[in-house]
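First comes the structure, then the notes that go with it.
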Amino acid sequence: MVTGDNINTARAIAAKCGIIHPGEDFLCIDGKEFNRRIRNEKGEVEQERIDRVWPKLRVLARSSPTDKHTLVKGIMDSTVLELRQVVAVTGDGTNDGPALKKADVGFAMGIAGTDVAKEASDIILTDDNFSSIVKAVMWGRNVYDSISKFLQFQLTVNVVAVIVAFTGACITQDSPLKAVQMLWVNLIMDTFASLALATEPPTESLLLRKPYGRNNPLISLTMLKNILGHGVYQLIIIFTLLFIGERIFNIDSGRNAPLHSPPSEHYTIIFNTFVLMQLFNEINARKIHGERNVFDGIFANPIFCSIVFGTLVIQVVIVQWGGKPFSCAPLNVEQWLWCLFVGVGELLWGQVIATVPSDRLPCLKEAGAAMAAVEEEEEMEDGDEEGEIRRGQMLWCRGLNRIQTQMRVVNAFRTNVYETREKPESRNSIHNFMAHPEFLINDLIHNIPLIDDTDIDEESELSRYQHHLHPALRKPPPPPRPAPLLLPPTKALPTTQSPRHPYQHKQQRNTGHPWQHKQQRCFPR
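Per UniProt numbering, the sequence shown starts with residue 1, numbered consecutively.
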């Protein structure tokens, strides 16, 4: 429990909630002690120090947002245990935002939570009840298992159907499964199976199982074993019926039959057996972790039972009364019993497959290693992409900070220069901070020069002054001269000019006259 409350209050709440128990070896510290334990002499966070703290840490009081983020990151990067830790964080305040964003799963309160917490989280608890987290985990695992069940069943049907149709067409010049029959199989495989397997209700046993690994493939070794095992069983049965089925049942062969010949019992038995094997394999697909009791909880899902029973009834109707549209011939009771026996054999064969350990099969190990290598490569690529994104974000942030710093410097300079010359009524909006302010200069104050470079030049000022003098006292304008050398204000320019004359050069006058040289104006340094 990570909180900003006092350590005594936090310890009492943790004991009441069952987070800590008397007699256990645990840590209950505040943020100051936490930072002292995880940081070195230079103030840097060390992962080794975090690994010595977090396994026993139960309560962290008086913690700042940085402490929460550091703890979450330290647990996620820890190598104390063999498996990487999956970190979930719950919070409702703004200070929980960094930890919610960093965690693998962030839970925010929907009622008491702030907008910052909701934006940073992954899941929002609409009722602000912590028990909803358990339900969310249970339903999440159930959805994952439902997808795996459907995937296992669909791959088995697809592999067998493709091999049977292709091999039969190559050898006998005719596919054992006709086009309309394949449509019915596809309806069983996609629509009915998805409804049956995806509507399994979650059970408490899901919470007792370890979570799936972050890098685990969607098709586990157990699922791969089931797909290959049931596929081999179905292929052996179908090819046996295809090549020697007419001798087993003492019927006419359907191979090499004329194009418009009536449906044969031979190919009808193959189609019926194939569908019944898929029907009973659908029951096997309910368990994907090697469980033996495939009927456990089957009656808790009425949709599954209805779909299985309805599919069986429709299959009987198609075989017995489908006729030429479905390329089926009616079967007798003995033939139906043999088809049912082979279909029920899927359940018995599933028990045999469950007995074989997945680790003992070398082909599965190689397949699993290849899949793990692919997952590792994808993870490395994702890491490289994430690194590039972070690098780009860092450059963007640096550029933004540089621009903001320059803007602050410009604003400070403009404020110091214009604060004595800007009137309140001439100030612009704060949102238009880069706009040049307009000034209202008092016409009565003549000794304040304009600082714009478009001021009246020296010659015009001198001619205006001489215009008021007697013609005999007027002095011709001086010849053009180079730009004067700028020196610090504390040093005076050496001069050897004649005694002061009323019309001497402006650089020798310090009377504050309106046409004094611009370089003598005072600017803030």
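Just so it is clear, CB atoms sit at the ideal spot from N, CA and C, and this is done for glycine as well. All values reported here derive from a predicted model rather than from experimental measurement.
Using only the alpha-carbon positions, how far apart do F299 and Q47 sit? Along the sequence shown, one-based indexing puts residue 299 at 299. Along the sequence shown, one-based indexing puts residue 47 at 47. One C-alpha to the other measures close to 51 Å.
Check whether the Cβ atoms of I244 and V342 lie closer than 9 Å to each other. Residue numbering aside, residue 244 sits at position 244 when the sequence shown is read from its first letter. Residue numbering aside, residue 342 sits at position 342 when the sequence shown is read from its first letter. In this structure, V342 does not lie closer than 9 Å to I244 by Cβ.
Counted within 10 angstroms of its Cβ, other Cβ atoms place M407 as buried (16 or more) or exposed: The residue labelled residue 407 in the question sits at position 407 within the sequence shown. Per the 10 Å Cβ criterion, exposed.
Whose C-alpha, out of L276, G113, L177, W349, is nearest the C-alpha of G97? Counted from its first residue, the sequence shown places residue 97 at position 97. Ranking the options by Cα distance to G97, first place goes to G113.
DSSP three-state label for R39, please. Within the sequence shown, numbered from 1, the residue matching residue 39 stands at position 39. It is a strand residue.
Proximity winner among S205, F239, Q85, relative to N215 (alpha-carbon distances): Along the sequence shown, read from residue 1 onward, the residue named residue 215 stands at position 215. Nearest C-alpha to N215: Q85.
Give the list of continuous alpha helix (DSSP H) stretches no shorter than 4 residues that lie fully inside the region 39-95. 47-53, 65-76
Reduced DSSP secondary structure (H/G/I, E/B, other) of I29: The residue you call residue 29 lines up with position 29 of the sequence shown. Of the three classes helix, strand and coil, the one that applies to I29 here is strand, per DSSP.
Other residues of its chain near N301: CB distance less than 7 Å, five sequence neighbours each side excluded: For this step, residue 301 is matched to residue 301 along the sequence shown. Excluding positions up to five away in sequence, the list reads T199, E200, P201.
Residue ranges of each beta strand (DSSP E) run of no fewer than 3 residues wholly in the region 176-243, ordered along the chain? none
Name the two residues that bound the continuous beta strand (DSSP E) containing I353. Looking up residue 353 in the sequence shown gives position 353. I353 -> not in any beta strand (DSSP E); alpha helix (DSSP H) instead, spanning 333-355.
For L151 versus M223, is the C-beta distance shorter than 9 Å? By one-based count along the sequence shown, residue 151 stands at place 151. By one-based count along the sequence shown, residue 223 stands at place 223. For L151 and M223, yes; Cβs fall inside 9 Å.
M109 (DSSP reduced to helix, strand or coil): For this step, residue 109 is matched to residue 109 along the sequence shown. M109: strand per DSSP, three-state reduction.
Beta-carbon contacts of M1 that lie in its chain and below 6 Å, excluding the five residues immediately before and after: As a working note, residue 1 is residue 1 in the sequence shown. So the qualifying residues of the chain are A14, I19, V59.
As a quick exercise: from A120, G93, D115, T94, pick the residue whose alpha carbon is nearest that of G106. Translated into positions along the sequence shown, residue 106 becomes position 106. For the residues A120, G93, D115, T94, the minimum Cα distance to G106 belongs to A120.
Please classify residue 526: does DSSP put it in a helix, a strand, or coil? Only positions 1 to 525 of the chain appear in the structure, and residue 526 is not among them; the question remains open.
Excluding five sequence neighbours on each side, which residues of the same chain lie with their C-beta closer than 8 Å to the C-beta of N284? Along the sequence shown, one-based indexing puts residue 284 at 284. N226, H230, V294, E346, L347, G350.
Which whole-angstrom value is the C-beta distance of I307 and L195, which I expect to be below 8 Å? Position 307 of the sequence shown, counted from the start, is the residue given in the question as residue 307. Position 195 of the sequence shown, counted from the start, is the residue given in the question as residue 195. Between L195 and I307 the Cβ distance is about 6 Å, and since that is below 8 Å, they are a contact.
Which stretch, first to last residue, makes up the alpha helix (DSSP H) that contains I270? Within the sequence shown, numbered from 1, the residue matching residue 270 stands at position 270. Its alpha helix (DSSP H) spans residues 265-284.
Three-state secondary structure (DSSP) at V2? For this step, residue 2 is matched to residue 2 along the sequence shown. Residue state, collapsed to three classes: strand.
Flag this pair as touching only if the region 50-65 and the region 25-32 have three or more C-beta atom pairs under 8 Å; answer yes or no. yes
At least three beta-carbon pairs within less than 8 Å, the region 125-136 to the region 266-283: no
I'd like the span of the alpha helix (DSSP H) that includes V317, first residue to last. Position 317 of the sequence shown holds residue 317. Note, V317: alpha helix (DSSP H), 302-321.
Nearest residue (CA-CA) to K210, options I303, D145, F326: For the purposes of this step, residue 210 is taken as the residue at position 210 of the sequence shown. Of I303, D145, F326, the residue nearest in Cα terms is D145.
Who are the Cβ neighbours of Q181 in its own chain at under 7 Å, not counting the five residues just before and after it? The count along the sequence shown starts at 1 and reaches residue 181 at position 181. The answer, listed in chain order, is F271, F326, S327.
Are the beta-carbon atoms belonging to V72 and K118 less than 9 Å from one another? Position 72 of the sequence shown, counting from 1, holds the residue named residue 72. Position 118 of the sequence shown, counting from 1, holds the residue named residue 118. For V72 and K118, no; Cβs fall outside 9 Å.
Roughly how many whole angstroms lie between the Cα atoms of R255 and Q320? One-based indexing of the sequence shown puts residue 255 at position 255. One-based indexing of the sequence shown puts residue 320 at position 320. Going from the Cα of R255 to the Cα of Q320 covers about 21 Å.
Can you tell which of I219, T203, F249, H69 has the C-alpha that lies nearest to the C-alpha of V333? For this step, residue 333 is matched to residue 333 along the sequence shown. Closest by alpha carbon: F249.
Could you compute how far the alpha carbon of I353 sits from the alpha carbon of L228? Here residue 353 refers to the residue found at position 353 when the sequence shown is read from its first residue. Here residue 228 refers to the residue found at position 228 when the sequence shown is read from its first residue. Approximately 10 Å between the Cα atoms of the pair.
C-beta atoms of V143 and A161 nearer than 9 Å: Looking up residue 143 in the sequence shown gives position 143. Looking up residue 161 in the sequence shown gives position 161. For V143 and A161, no; Cβs fall outside 9 Å.
What does the alpha-carbon distance come out to for the pair Q154 and S175? Along the sequence shown, one-based indexing puts residue 154 at 154. Along the sequence shown, one-based indexing puts residue 175 at 175. Near 21 Å, if we compare the C-alpha coordinates of S175 and Q154.
CA-CA distance, E33 and L207? Here residue 33 corresponds to residue number 33 of the sequence shown, with the count starting at 1. Here residue 207 corresponds to residue number 207 of the sequence shown, with the count starting at 1. Cα-Cα distance, rounded: 35 Å.
Beta-carbon spacing of G110, T126 below 9 Å: The residue given as residue 110 occupies position 110 in the sequence shown. The residue given as residue 126 occupies position 126 in the sequence shown. Contact flag set, yes.
Using 9 Å as the threshold, is the C-beta distance between L221 and D359 below it? In the sequence shown, residue 221 corresponds to position 221, counting from 1. In the sequence shown, residue 359 corresponds to position 359, counting from 1. Against a cut-off of 9 Å, the Cβ pair of D359 and L221 comes out as a contact.
Beta carbon of residue 544, beta carbon of N35: below 9 Å? The structure shown does not extend to residue 544, since the chain is modelled only from 1 to 525, so the question has no answer here.
For the alpha helix (DSSP H) holding V294, just list the boundary residues, first then last. Stepping through the sequence shown from its first residue, residue 294 is reached at position 294. From DSSP, V294 is part of no alpha helix (DSSP H); its letter is neither H nor E.
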